[in-house]
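**Q** The structure is given below, and queries will be raised subsequently.
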Amino acid sequence: MSKVDPAGELAKLLDAAIQKRLAETNVAFPCRVVSFSSGNGLAVVQPLQGGGRAAPVQNVPVLGQRLKTSEGIEQTFFPSLRPGDIVYVVCSDRHIKGETGEAGSSRRVHDANDAVIVGVFPCSLPNS
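All you need for my numbering is the position in the sequence shown, starting with 1, plus 244.
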């Protein structure tokens, strides 16, 4: 007759639950741009992780930049993406509401639906 260690079994169960939750957590990942609307600054992107088999992420906002030159002149730069560009996508810790960046009412965390594009990989930029 084999003796089961309840503490050991509980530890295995907890470890499996933690590993499952970690696998469902999105932090950041590279994507290929499927489409981009410059009018509203939203893109559809295809995650490259897992061989590109993940579902496309819709309505991903692209961050712009407001910079000041050494002469003190403020300039705003708007994103310009093309289909096929490789971009880096970061998922917010919490649900973000539209383009305002304010916290939403959802309890979701690190979800691909709360992704933003933070940059374009050099392989997609023209050589200068």
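The beta-carbon is built from N, C-alpha and C at its ideal position, and this holds for glycine as well.
1) Is it buried or exposed, LEU311, if we count other Cβ atoms within 10 angstroms and call 16 or more buried?
2) Between the beta-carbon of VAL331 and the beta-carbon of PHE273, is there less than 7 angstroms?
3) Return the Cβ separation of VAL278 and VAL288 in integer angstroms, given the expectation that the two are a contact with Cβ distance under 8 angstroms.
4) Does the contact criterion of 3 or more C-beta pairs under 8 angstroms hold for the stretch 353-361 versus the stretch 294-311?
5) Measure the CB-CB distance between GLY296 and GLN302 and report whether it falls below 7 angstroms.
6) With DSSP as the reference, label LEU286 as helix, strand or coil.
7) If you draw a straight line from the C-alpha of ASP249 to the C-alpha of PHE365, how long is it?
8) Which value, in whole angstroms, describes the spacing of the CA atoms of ASP259 and GLY285?
9) If you compare alpha carbons, which of VAL353, ASP329 and GLY328 is closest to ILE340?
10) Give me whichever residues DSSP pairs with GLU318 in a beta bridge.
11) Can you name, in chain order, every residue of its own chain whose Cβ lies under 8 angstroms from the Cβ of GLY328, other than the five neighbours on each side?
12) So GLN302 is in the beta strand (DSSP E); what residue range does that whole segment cover?
13) Can you tell me which residues form a DSSP beta bridge with SER281?
**A** Put simply:
1) The count along the sequence shown starts at 1 and reaches residue 311 at position 67. With fewer than 16 Cβ atoms within 10 Å of its Cβ, LEU311 is classed as exposed.
2) The residue given as residue 331 occupies position 87 in the sequence shown. The residue given as residue 273 occupies position 29 in the sequence shown. No, the Cβ-Cβ distance between VAL331 and PHE273 is not below 7 angstroms.
3) Locating residue 278 in the sequence shown gives position 34, where the first residue counts as 1. Locating residue 288 in the sequence shown gives position 44, where the first residue counts as 1. Indeed they touch by this definition, with Cβ atoms about 4 angstroms apart.
4) Contact between the stretch 353-361 and the stretch 294-311 is present, because at least three Cβ pairs lie under 8 angstroms.
5) Counting from one through the sequence shown, the residue named residue 296 turns up at place 52. Counting from one through the sequence shown, the residue named residue 302 turns up at place 58. Taking C-beta atoms as the reference points, GLY296 and GLN302 fail to come closer than 7 angstroms.
6) The residue you call residue 286 lines up with position 42 of the sequence shown. Three-state DSSP puts LEU286 in a strand.
7) Here residue 249 refers to the residue found at position 5 when the sequence shown is read from its first residue. Here residue 365 refers to the residue found at position 121 when the sequence shown is read from its first residue. For ASP249 and PHE365, the distance between alpha carbons rounds to 50 angstroms.
8) In the sequence shown, counting from the first residue as 1, residue 259 sits at position 15. In the sequence shown, counting from the first residue as 1, residue 285 sits at position 41. Straight-line spacing of the CA atoms in ASP259 and GLY285 works out to 41 angstroms.
9) Position 96 of the sequence shown holds residue 340. It is VAL353.
10) Taking the sequence shown and counting its residues from 1, the one referred to as residue 318 is at position 74. BP columns for GLU318 point to LYS312.
11) Along the sequence shown, one-based indexing puts residue 328 at 84. Apart from the 5 residues on each side of it in sequence, GLY328 sits with its Cβ closer than 8 angstroms to the Cβ of ARG276, VAL277 and SER368 in its chain, given in chain order.
12) Counting from 1 along the sequence shown, the entry for residue 302 is found at position 58. Note, GLN302: beta strand (DSSP E), 301-305.
13) Here residue 281 corresponds to residue number 37 of the sequence shown, with the count starting at 1. By DSSP's assignment, SER281 forms a beta bridge with LEU286.
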